[in-house]
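**Student:**
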Amino acid sequence: MARPPGPLLLPRLLLLLLLQFAAAGRPCGPSGLSRDVVLGRLGANITLICRDEVPANVTVRWQVEERGAAVPRGRGRPLAEGNVLLLRWLRYEDSGRYICSVGSRLLRSLWLLVEEPPETPRVSCYRRSHDKDVLCEWPQQTKPSPGTRAMLWVKRRFTAENATEQRCRYFSKARKFVCRVKVPPGTEDTKHLVVSTCVSNSASGLAGEDKIITLSGVLKPDPPLNVTVEALEKAPQWLRVNWSYPLSWDPRFYWLRFQVRYRPEPAPAFVEVDQVTTTWLDIRDAWRGTKHVVQVRAQDEFGHGAWSEWSREAVGTPWTDPRDFTSEKGPFSSQFPMEDDSYEVTLPPELFWEDRADGADGSVMEPSAHPVASPHAFLVAGGSLLLGIALFVGIVVRYRQMWWTGRQRGTKPEGEGQHMLVPLGLPSPPLSDTPLLSYPTPTAPGTLHITHLDCSSSRQ
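Numbering (mature numbering (1 follows the signal peptide of the UniProt record, and there is no 0)), first residue to last: -24 to -1, 1 to 436.
(1) If you follow the beta strand (DSSP E) that Val90 is part of, which residue opens it and which one closes it?
(2) So what does Gly16 bridge to, in DSSP terms?
(3) Would Thr163 and Pro97 qualify as a contact pair, given that the criterion is a beta-carbon distance under 8 Å?
(4) Give me the Cα-Cα distance between Thr35 and Leu86, rounded to the nearest whole angstrom.
(5) May I ask you to report which of helix, strand or coil DSSP gives Arg383?
(6) Identify whether Glu304 lies in helix, strand or coil by the three-state DSSP scheme.
(7) Anyone know if the C-beta pair for Gln116 and Pro197 falls short of 8 Å?
(8) Does Ser105 pass the burial test, meaning 16 or more other C-beta atoms within 10 Å, or should it be called exposed?
(9) If we ignore side chains and look at the alpha-carbon of each, how far apart do Glu57 and Pro160 end up?
(10) Are the beta-carbon atoms of Arg125 and Asn59 separated by less than 8 Å?
(11) Across which residues does DSSP place Leu169 in a beta bridge pair?
(12) Are there three or more Cβ pairs, one per stretch, closer than 8 Å when the segment 198 to 215 is compared with the segment 68 to 83?
(13) What does the alpha-carbon distance come out to for the pair Gly52 and Arg151?
(14) Looking at Asp165 and Ser148, is the spacing between their C-beta atoms short of 8 Å?
(15) Sorted by chain position, which residues of the same chain lie with C-beta nearer than 7 Å to Tyr238's C-beta, five sequence neighbours on each side aside?
(16) Would you list the one or two residues that DSSP bridges to Ile75?
(17) Ordered along the chain, which non-local residues of its own chain (more than five positions away) have a Cβ less than 6 Å from that of Ser224?
(18) Apart from the five residues on each side of it in sequence, which residues of its chain come closer than 6 Å, Cβ to Cβ, to Arg233?
(19) Would DSSP call Phe278 helix, strand or coil?
(20) Mapping the DSSP letters down to three states, classify Phe368 as helix, strand or coil.
(21) In the structure shown, what three-state DSSP assignment does Thr322 receive?
(22) Note down the Cα distance separating Glu113 from Pro240, rounded to an integer number of angstroms.
(23) At the level of alpha carbons, what is the spacing between Val13 and Glu185?
(24) Between Arg27, Asp300 and Tyr221, which lies nearest to Pro212 when the distance is taken from Cα to Cα?
(25) Please report the distance separating the alpha-carbon of Pro6 from that of Ala179.
(26) Secondary structure at residue 439, three-state DSSP: helix, strand or coil?
(27) Return the residue from the list Tyr74, Pro242, Glu92 and Ala262 that minimises the CA-CA distance to Gly181.
(28) Can you tell me whether Ser220 is buried or exposed? The criterion is at least 16 other CB atoms within 10 Å of its CB, across all chains shown.
(29) Excluding five sequence neighbours on each side, which residues of the same chain lie with their C-beta closer than 6 Å to the C-beta of His280?
(30) Does the beta-carbon of Tyr375 have 16 or more other beta-carbons within 10 angstroms, so that it is buried, or is it exposed?
(31) Provide the residue span of the beta strand (DSSP E) that contains Thr204, from first to last.
(32) Using beta-carbon positions only, say whether Asn21 and Leu63 come within less than 8 Å of one another.
(33) Please identify the residue among Thr135, Pro227, Val154 and Lys158 whose C-alpha is closest to the C-alpha of Glu141.
(34) Have a look at Val110 and Arg133 and give me their C-alpha separation to the nearest angstrom.
(35) Could you please give me the residues that DSSP links to Asn33 through a beta bridge?
(36) Which same chain residues end up closer than 6 Å to Cys144 when comparing Cβ atoms and leaving out the 5 residues on each side of it in sequence?
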């Protein structure tokens, strides 16, 4: 046997149906048309018939009282004659009251409405700050017909309370409907709200898809204001960007965080800097002597909601030394900070220049082999070169001295610094048995005198 439903099952089903009905939007459909109203589509043709049968010997005349025209009733602009009136290529201006008559006798009066079915609304909601109302809007591809009405309802989710109805307004310049949502009192930022929309006219009525929002989730600040770019003196690769809070956001109660993007004019892509909590930023890798484009956007400090739109573009050029005769376009440093807060890995601007030598529109990226050097590099290189030259000259001079000294020692006159050996003469005949002694004669000082002593004796 089937088990009977519990006593609480039926109330639960009724409650779910009630919540489902309460969450749904209000009924949306075309406004009711009377029998004398004829609906025409924009750009189409339409045929108006005065009577089903008209005597052949009478003349039926048509006239129109255009909508908004200040003419007496029954005295409109005359049109064609005949029981049938054909209107081609209908316009909104063709809407009005069409009268057919025979003489002064009125036969029939018809209202012609030229309407185009509305577009299905695709709603997006946002809130410019925590203390502002929620704005919901949706774009229009074409201008709506004059009789088009747009409505919006908002209520808390999963409650049986009545929805708050709001009338929406169409802005022709922006080509969109905008609705100001009155938030129910006491609604928390994290509570869900159901937003329903409807667009209708005499031709049709279309309801948009219900949108579930929270007050914190639809936060979207206005773009920052007064964005300026300034050069810093004696800093050829620095730029200082300043901006201010939007007028719709009060920084005394809630703060914003910012994102900055910039690019040199030759480069097509932006460099983005996140997590900026101040209203200024120093760019440390700007191109030398090149104009830069800078934009700023904002978001709630805790990351709630969406980023604002980008601010208007601001331009600035880094400081240039008047005495610097190097190239006007310096290297582009990628954003890699080192331990000493300096930036390394430079990329030349030629990587982003377009090579149009062949007449093509495509860009060719070729790295430059001649980056611009600073005066300090020239001083260091010149000092090193002079030191090397001096060292080389010293080595050459020392080598020549050693070589000359060795040559002098190897080419001294024969006998200098040595004792000379003098050969003895041949023996002479003895004169007597007594050896002949020879005494030296006085000579000048410093003269080497050789004395010959004959010690030969006669042999028996």
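Ideal placement from N, C-alpha and C gives every residue a C-beta, glycine not left out.
**Tutor:** On the basis of the data shown:
(1) Residue mapping note: residue 90 aligns to position 114 of the sequence shown, counting from 1. Its beta strand (DSSP E) spans residues Arg81 to Glu91.
(2) Walking along the sequence shown from the start, residue 16 turns up at place 40. Note: Gly16 sits in a beta bridge opposite Val90.
(3) In the sequence shown, the residue the question calls residue 163 occupies position 187. In the sequence shown, the residue the question calls residue 97 occupies position 121. No. Outside cutoff.
(4) If you number the sequence shown from 1, residue 35 lands on position 59. If you number the sequence shown from 1, residue 86 lands on position 110. Those two C-alpha atoms are separated by around 18 Å.
(5) Looking up residue 383 in the sequence shown gives position 407. DSSP places Arg383 in helix when its eight states are reduced to three.
(6) What you label residue 304 is simply residue 328 of the sequence shown in a count that begins at 1. Bear in mind that a pLDDT of 48 at Glu304, under 50, signals an unreliable position, so the model cannot answer this.
(7) Within the sequence shown, the letter at position 140 stands for residue 116. Within the sequence shown, the letter at position 221 stands for residue 197. Result no, Cβ atoms of Gln116 and Pro197 do not sit closer than 8 Å.
(8) The residue you call residue 105 lines up with position 129 of the sequence shown. The residue in question, Ser105, is buried, as its Cβ has 16 or more Cβ neighbours within 10 Å.
(9) Position 81 of the sequence shown, counting from 1, holds the residue named residue 57. Position 184 of the sequence shown, counting from 1, holds the residue named residue 160. Pairing Glu57 with Pro160, the inter-Cα distance amounts to about 60 Å.
(10) Taking the first residue of the sequence shown as position 1, residue 125 is located at position 149. Taking the first residue of the sequence shown as position 1, residue 59 is located at position 83. For the pair Arg125 and Asn59, the CB atoms are not nearer than the 8 Å cut-off.
(11) By one-based count along the sequence shown, residue 169 stands at place 193. DSSP, once it has assigned bridges, lists Arg132 and Ile189 as partnering Leu169.
(12) When Cβ pairs closer than 8 Å are counted between the two stretches, the segment 198 to 215 is seen not to touch the segment 68 to 83, the count staying below three.
(13) The residue given as residue 52 occupies position 76 in the sequence shown. The residue given as residue 151 occupies position 175 in the sequence shown. The straight-line gap from Cα to Cα measures roughly 34 Å.
(14) By one-based count along the sequence shown, residue 148 stands at place 172. By one-based count along the sequence shown, residue 165 stands at place 189. Not in contact: Ser148 and Asp165 (Cβ atoms no closer than 8 Å).
(15) Taking the sequence shown and counting its residues from 1, the one referred to as residue 238 is at position 262. Closer than 7 Å at Cβ, skipping near neighbours: Phe246, Val247, Ile259, His268, Val269 and Val270.
(16) Translated into positions along the sequence shown, residue 75 becomes position 99. Gln39 and Ser85.
(17) Here the question's residue 224 lines up with position 248 in the sequence shown. So the list reads Arg104, Ser105 and Asp198, once near-sequence residues are dropped.
(18) To locate residue 233, count along the sequence shown from 1; it is residue 257. Counting only Cβ-Cβ distances below 6 Å, and skipping sequence neighbours, we find Thr253, Gln275 and Glu277.
(19) For the purposes of this step, residue 278 is identified with residue 302 of the sequence shown, where counting begins at 1. Judged by DSSP in its simplified three-state form, Phe278 adopts coil rather than helix or strand.
(20) Counting from one through the sequence shown, the residue named residue 368 turns up at place 392. Reduced to three states, the DSSP call for Phe368 is helix.
(21) In the sequence shown, residue 322 corresponds to position 346, counting from 1. Note on Thr322: pLDDT 42, under 50, position unreliable in the model; the coordinate value appears next. In the three-state reduction of the DSSP assignment, Thr322 falls in the strand class, which pools E and B.
(22) Numbered from its first residue, the sequence shown carries residue 113 at position 137. Numbered from its first residue, the sequence shown carries residue 240 at position 264. One C-alpha to the other measures close to 36 Å.
(23) Indexing the sequence shown from 1 puts residue 13 at position 37. Indexing the sequence shown from 1 puts residue 185 at position 209. Each residue's CA atom was taken as its position, placing Val13 and Glu185 some 31 Å apart.
(24) Reading the sequence shown from its first residue, position 236 is the one you call residue 212. Its Cα nearest to that of Pro212, the residue Asp300 stands out among Arg27, Asp300 and Tyr221.
(25) Residue 6 sits at position 30 when you count from the first residue of the sequence shown. Residue 179 sits at position 203 when you count from the first residue of the sequence shown. In a straight line, the C-alpha of Pro6 is about 6 Å away from that of Ala179.
(26) The requested residue 439 does not occur in the structure, where the chain is confined to residues -24 to 436.
(27) Reading the sequence shown from its first residue, position 205 is the one you call residue 181. Of Tyr74, Pro242, Glu92 and Ala262, the residue nearest in Cα terms is Glu92.
(28) Looking up residue 220 in the sequence shown gives position 244. Exposed: under 16 other Cβ atoms inside 10 Å.
(29) Taking the first residue of the sequence shown as 1, we reach residue 280 at position 304. By the criterion of a C-beta distance shorter than 6 Å, His280 is surrounded in its chain by Ser192 and Leu195, once the five residues flanking it on both sides are discounted.
(30) As a working mapping, residue 375 is identified with position 399 in the sequence shown. Label assigned to Tyr375: exposed.
(31) Locating residue 204 in the sequence shown gives position 228, counting from the first residue. For Thr204, the uninterrupted beta strand (DSSP E) run begins and ends at Leu201 to Ala207, by DSSP.
(32) Position 45 of the sequence shown holds residue 21. Position 87 of the sequence shown holds residue 63. In this structure, Asn21 places its C-beta atom within 8 Å of the C-beta atom of Leu63.
(33) Position 165 of the sequence shown holds residue 141. With distances taken between Cα atoms, Glu141 lies closest to Lys158.
(34) One-based indexing of the sequence shown puts residue 110 at position 134. One-based indexing of the sequence shown puts residue 133 at position 157. Rounded to the nearest angstrom, the two C-alpha atoms are 16 Å apart.
(35) Mapped onto the sequence shown, residue 33 falls at position 57. The partner list for Asn33 (beta bridge, DSSP) is empty, contrary to what the question assumes.
(36) In the sequence shown, the residue the question calls residue 144 occupies position 168. Hits under 6 Å: Ala126, Leu128, Phe153 and Cys155.
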